[in-house]
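The block underneath contains the structure these notes are about, expressed in structure tokens.
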Amino acid sequence: MRKLSRHFYQRTHNCDVYDEPVLTYLPIVEKHLSNGNGKATGRILDAACGYNNVYLQPLLKQGSIDASQMVGMDINDDNRNRNIIHKQVVIQDLHEPIDLGQFHSIISVYTWEHLHSPTQVLENFHRSLTDGGKLIIIAPQKYNYASLIERLLPWRLKHLAWKLLKGKD
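So for the sequence shown, our numbering puts the first residue at 2; every next one is plus one.
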């Protein structure tokens, strides 16, 4: 096996494609959500929450975040029932004004590349944050293998590649 192929195989075999970025950024997310003692303070909005947030889920499991202080928001109504970490999921476009009160933190993961007006969304977030509140944005890494597969392969090959990499559909 060539060196590059061996390296790719070792990094992808038996792991989720999001494991590497999560391991890299989770300590940063935890630091910015916490109040210095490892516990998150105030309300947290998970913007474009989807059915899971791979950064918030481990923090919930270790008790760093209080689930009752979290609100998920997504444009897809299917995610209201499929979301595995939020008790409350609001169905709303992030471009529309957010009328859910103030949040101490807003986290948005792998969302910004899909927005048609990021400026409008930033203005909405700014209005929804408390004074001194924090906005955490995590975007795809341009040269991450998952991003490369998404950009380079046609849909049918992409589906096959994910099936082979993840070992499932």
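All C-beta atoms, glycine included, are put in the ideal place defined by N, C-alpha and C.
Under DSSP, the beta strand (DSSP E) around residue i begins and ends at which residues?
| i | result |
| --- | --- |
| Thr-131 | 130-139 |
| Cys-99 | The sequence as given places Ile at residue 99; Cys does not occur at that position. Counting along the chain, Ile-99 falls outside any beta strand (DSSP E), and DSSP gives it neither H nor E. |
| Ile-92 | 90-92 |
Please go through the same chain and pick out, in chain order, the residues whose beta-carbon is closer than 7 Å to the beta-carbon of residue i, but skip the five residues on each side of it.
| i | result |
| --- | --- |
| Asn-80 | Cys-50, Gly-51, Tyr-52 and Val-90 |
| Asn-125 | Leu-95, Pro-98 and Ile-99 |
| Leu-27 | Tyr-56 and Pro-59 |
Please state the DSSP three-state secondary structure of residue i.
| i | result |
| --- | --- |
| Ala-49 | coil |
| Ile-29 | helix |
| His-160 | helix |
| Val-23 | helix |
| His-105 | strand |
| Met-2 | Confidence at Met-2 is low in this model, with a pLDDT of 43, below 50, so its placement is unreliable and the value that follows should be read with caution. Three-state result, Met-2: coil. |
First and last residue of the alpha helix (DSSP H) that includes residue i?
| i | result |
| --- | --- |
| Asp-75 | Note, Asp-75: premise wrong, no alpha helix (DSSP H); beta strand (DSSP E) at 71-75. |
| Arg-44 | No alpha helix (DSSP H) holds Arg-44; DSSP gives it neither H nor E. |
| Leu-57 | 57-62 |
| Asn-82 | 79-83 |
Using C-beta distances below 8 Å, list every residue in its chain close to residue i, excluding the 5 sequence neighbours before and after it, in chain order.
| i | result |
| --- | --- |
| Asn-82 | none |
| Asn-77 | Gly-51 and Ile-92 |
| Pro-119 | Trp-113 |
| Lys-135 | His-33, Leu-34, His-105, Ser-106 and Ile-107 |
Go through its chain and collect everything with a Cβ distance to residue i's Cβ below 6 Å, but skip five positions before and after it.
| i | result |
| --- | --- |
| Ser-129 | Ile-99 and Phe-104 |
| Gly-73 | Asp-47, Cys-50, Asn-84, His-87 and Val-90 |
Please confirm if residue i has its CB atom under 8 Å from at least one CB of chain D.
| i | result |
| --- | --- |
| Gly-43 | This model lacks chain D altogether, as it is built from one protein chain only. |
Problem set entry | Contact between the stretch 34-41 and the stretch 55-67 (3+ Cβ pairs under 8 Å) | yes
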